[in-house]
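Protein sequences appear in the order of chains A and B. Per the UniProt record's numbering, the very first residue in the first sequence carries number 1; after that it's consecutive. Per the UniProt record's numbering, the very first residue in the second sequence carries number 1; after that it's consecutive. Working notes, structure below.
2 protein chains.
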Amino acid sequence: MSDAAPSACCPPSDDRPDLRPIEGEEADQELAALAKAVGHPARVQILRLLARRASCVCGEIVDELPLAQSTVSQHLKVLKDAGLIRGEIDGPRTCYCIDNRALRRLKALVGGL
Amino acid sequence: MSDAAPSACCPPSDDRPDLRPIEGEEADQELAALAKAVGHPARVQILRLLARRASCVCGEIVDELPLAQSTVSQHLKVLKDAGLIRGEIDGPRTCYCIDNRALRRLKALVGGL
DNA sequence: AGGCTATATCGTTAAAATGCGATGAGCGAC
DNA sequence: GTCGCTCATCGCATTTTAACGATATAGCCT
Numbered sequence: 001m002s003d004a005a006p007s008a009c010c011p012p013s014d015d016r017p018d019l020r021p022i023e024g025e026e027a028d029q030e031l032a033a034l035a036k037a038v039g040h041p042a043r044v045q046i047l048r049l050l051a052r053r054a055s056c057v058c059g060e061i062v063d064e065l066p067l068a069q070s071t072v073s074q075h076l077k078v079l080k081d082a083g084l085i086r087g088e089i090d091g092p093r094t095c096y097c098i099d100n101r102a103l104r105r106l107k108a109l110v111g112g113l
Numbered sequence: 001m002s003d004a005a006p007s008a009c010c011p012p013s014d015d016r017p018d019l020r021p022i023e024g025e026e027a028d029q030e031l032a033a034l035a036k037a038v039g040h041p042a043r044v045q046i047l048r049l050l051a052r053r054a055s056c057v058c059g060e061i062v063d064e065l066p067l068a069q070s071t072v073s074q075h076l077k078v079l080k081d082a083g084l085i086r087g088e089i090d091g092p093r094t095c096y097c098i099d100n101r102a103l104r105r106l107k108a109l110v111g112g113l
């Protein structure tokens with residue numbers, strides 16, 4: 001038992017449209033913050049990993065990257081602080097997944113350039 | 001001959017499609033580098049300024065930003081090194097404009113996330 | 001309880017980014 | 001030629017990032 005489909009660790013990631021403007025000072029700050037979070041190869045890899053596996057991973061990420069566990073955890077924190085990913089404690093491990101809302105927002109902001 | 005209308009300082013910005021892959025290690029590096037360049041509010045503002053005025057500006061940028069001239073020049077250099085903008089010396093001043101090819105590339109890479 | 005595993009956090013070090021004033025290089029006007 | 005304007009670059013101080021090992025925390029299992 002206890003086989004409670006651990007597949008999706010993250011809530012459905014709401015699909016409501018984002019009404020915030022795509023330009024202006026706030027948008028600039030937002031875009032800069034998001035882009036900064038993406039502005040590191042390791043973090044891009046992490047995003048790709050999370051995107052590939054629709055489901056979310058945890059320490060698998062550490063295995064995929066040539067970095068120490070603490071370093072990966074740090075990168076995960078940066079991405080989480082930026083809002084691009086979400087983490088949920090699932091038993092002894094933590095399950096991360098992409099925040100599609102934030103990712104859409106990033107795409108919209110970049111698209112608006 | 002060489003009757004280059006001084007209005008547009010930048011060459012037509014070629015429209016050929018970009019055939020490079022949107023994923024993979026190289027793409028990761030590329031996206032990280034581009035995102036890093038965008039990852040600063042002042043640089044986002046500069047990009048917006050250059051996008052708004054279809055034509056290109058130079059020291060006007062300094063007037064728009066609350067930063068010293070040397071600092072703005074530094075940011076311009078970062079953007080130029082990343083390939084996102086191009087600069088052309090036009091008499092005593094330098095004329096910057098967006099490199100649409102690189103910008104498109106950035107959008108494609110972000111869109112591929 | 002005690003041990004195990006998986007993550008997060010701390011402390012440190014080295015490197016890079018940010019910002020500025022001062023200096024230098026290039027061009028046009030006089 | 002020299003002056004003045006525009007911009008790039010240098011040098012410096014401060015802050016932030018990146019990386020790691022070591023340590024703490026939290027949940028499972030026996």
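Yeah, the Cβ is synthetic: ideal placement off N, Cα and C, and Gly gets one too. The structure presented is a predicted model; accordingly, all values stated were derived computationally and were not measured.
Quick check on this structure: which residue in B/30, B/36, B/40 and B/113 has the alpha carbon closest to the alpha carbon of residue 71 of chain B?
The residue labelled residue 71 of chain B in the question sits at position 71 within the second sequence. Minimum Cα distance to residue 71 of chain B is reached at B/40.
Would you kindly report the start and end of the unbroken beta strand (DSSP E) that includes residue 98 of chain B?
As a working mapping, residue 98 of chain B is identified with position 98 in the second sequence. Taken as a continuous stretch (DSSP letters only), the beta strand (DSSP E) holding residue 98 of chain B covers 93 to 98.
Extent of the continuous beta strand (DSSP E) run through residue 90 of chain B
Locating residue 90 of chain B in the second sequence gives position 90, where the first residue counts as 1. Note, residue 90 of chain B: beta strand (DSSP E), 85 to 90.
Let me see if you follow: with CB-CB separation under 8 Å, is residue 51 of chain A close to chain B or not?
Counted from its first residue, the first sequence places residue 51 of chain A at position 51. It does: the Cβ of residue 51 of chain A has a partner Cβ on chain B nearer than 8 Å.
What's the gap between the Cα of residue 37 of chain B and the Cα of residue 106 of chain A?
Locating residue 37 of chain B in the second sequence gives position 37, counting from the first residue. Locating residue 106 of chain A in the first sequence gives position 106, counting from the first residue. Between residue 37 of chain B and residue 106 of chain A, the C-alpha separation is close to 15 Å.
Would you list the residues sitting across from residue 57 of chain B in a DSSP beta bridge?
Here the question's residue 57 of chain B lines up with position 57 in the second sequence. Note: residue 57 of chain B sits in a beta bridge opposite B/96.
Just to confirm my understanding: we take residue 78 of chain A, look at its own chain, exclude 5 residues before and 5 after, and list those with CB closer than 7 Å. What are they?
For this step, residue 78 of chain A is matched to residue 78 along the first sequence. 37 and 43, listed in sequence order.
Closest Cα partner of residue 18 of chain A within the set A/87, A/111, A/104 and A/31
Position 18 of the first sequence, counted from the first residue, corresponds to residue 18 of chain A. Among A/87, A/111, A/104 and A/31, the Cα nearest to that of residue 18 of chain A is on A/104.
Measure the alpha-carbon distance for residue 21 of chain A versus residue 51 of chain B and round it to whole angstroms.
For the purposes of this step, residue 21 of chain A is taken as the residue at position 21 of the first sequence. For the purposes of this step, residue 51 of chain B is taken as the residue at position 51 of the second sequence. Rounded to whole angstroms, residue 21 of chain A to residue 51 of chain B spans 17 Å at the Cα level.
Residue 17 of chain A CB to nearest chain B CB: under 8 Å?
In the first sequence, the residue the question calls residue 17 of chain A occupies position 17. With 8 Å as the cut-off, residue 17 of chain A does not count as an interface residue toward chain B.
Report the option in A/67, A/63 and A/45 whose CA atom is closest to the CA atom of residue 112 of chain B.
Position 112 of the second sequence holds residue 112 of chain B. Taking only the C-alpha atoms, the option nearest residue 112 of chain B is A/45.
Can you round the beta-carbon distance between residue 34 of chain A and residue 84 of chain A to whole angstroms, since I take them to be within the 8 Å contact cut?
Start at 1 with the first residue of the first sequence, and residue 34 of chain A comes out as number 34. Start at 1 with the first residue of the first sequence, and residue 84 of chain A comes out as number 84. Residue 34 of chain A to residue 84 of chain A, Cβ: 7 Å. Contact.
Start-to-end residues for the alpha helix (DSSP H) that takes in residue 19 of chain A:
If you number the first sequence from 1, residue 19 of chain A lands on position 19. No alpha helix (DSSP H) contains residue 19 of chain A, which DSSP labels as neither H nor E.
Pull up the distance between the alpha-carbon of residue 56 of chain A and that of residue 11 of chain A, whole angstroms please.
For the purposes of this step, residue 56 of chain A is taken as the residue at position 56 of the first sequence. For the purposes of this step, residue 11 of chain A is taken as the residue at position 11 of the first sequence. Near 12 Å, if we compare the C-alpha coordinates of residue 11 of chain A and residue 56 of chain A.
Could you name the residues of the segment 86 to 99 of chain B whose beta carbon sits closer than 7 Å to any beta carbon of chain A, in the order they occur along the chain?
none
From residue 4 of chain B to residue 90 of chain B, what does the alpha carbon distance come to, in whole angstroms?
On the second sequence, position 4 is the one that residue 4 of chain B refers to. On the second sequence, position 90 is the one that residue 90 of chain B refers to. Because the pLDDT of residue 4 of chain B is 38, which lies under 50, any placement of that residue in the model is unreliable, and the question is left without a value.
Give me the chain B residues within the contact set of residue 110 of chain A, using Cβ-Cβ distance strictly less than 7 Å, ordered along the chain.
Numbered from 1 along the first sequence, position 110 holds the residue referred to as residue 110 of chain A. 106, 107 and 110, listed in chain order.
Contact defined as beta carbons within less than 8 Å: I believe residue 28 of chain A pairs with residue 101 of chain A. What is the distance between those atoms, to the nearest angstrom?
In the first sequence, residue 28 of chain A corresponds to position 28, counting from 1. In the first sequence, residue 101 of chain A corresponds to position 101, counting from 1. With 8 Å as the limit, residue 28 of chain A and residue 101 of chain A do not qualify as a contact, their Cβ atoms being about 20 Å apart.
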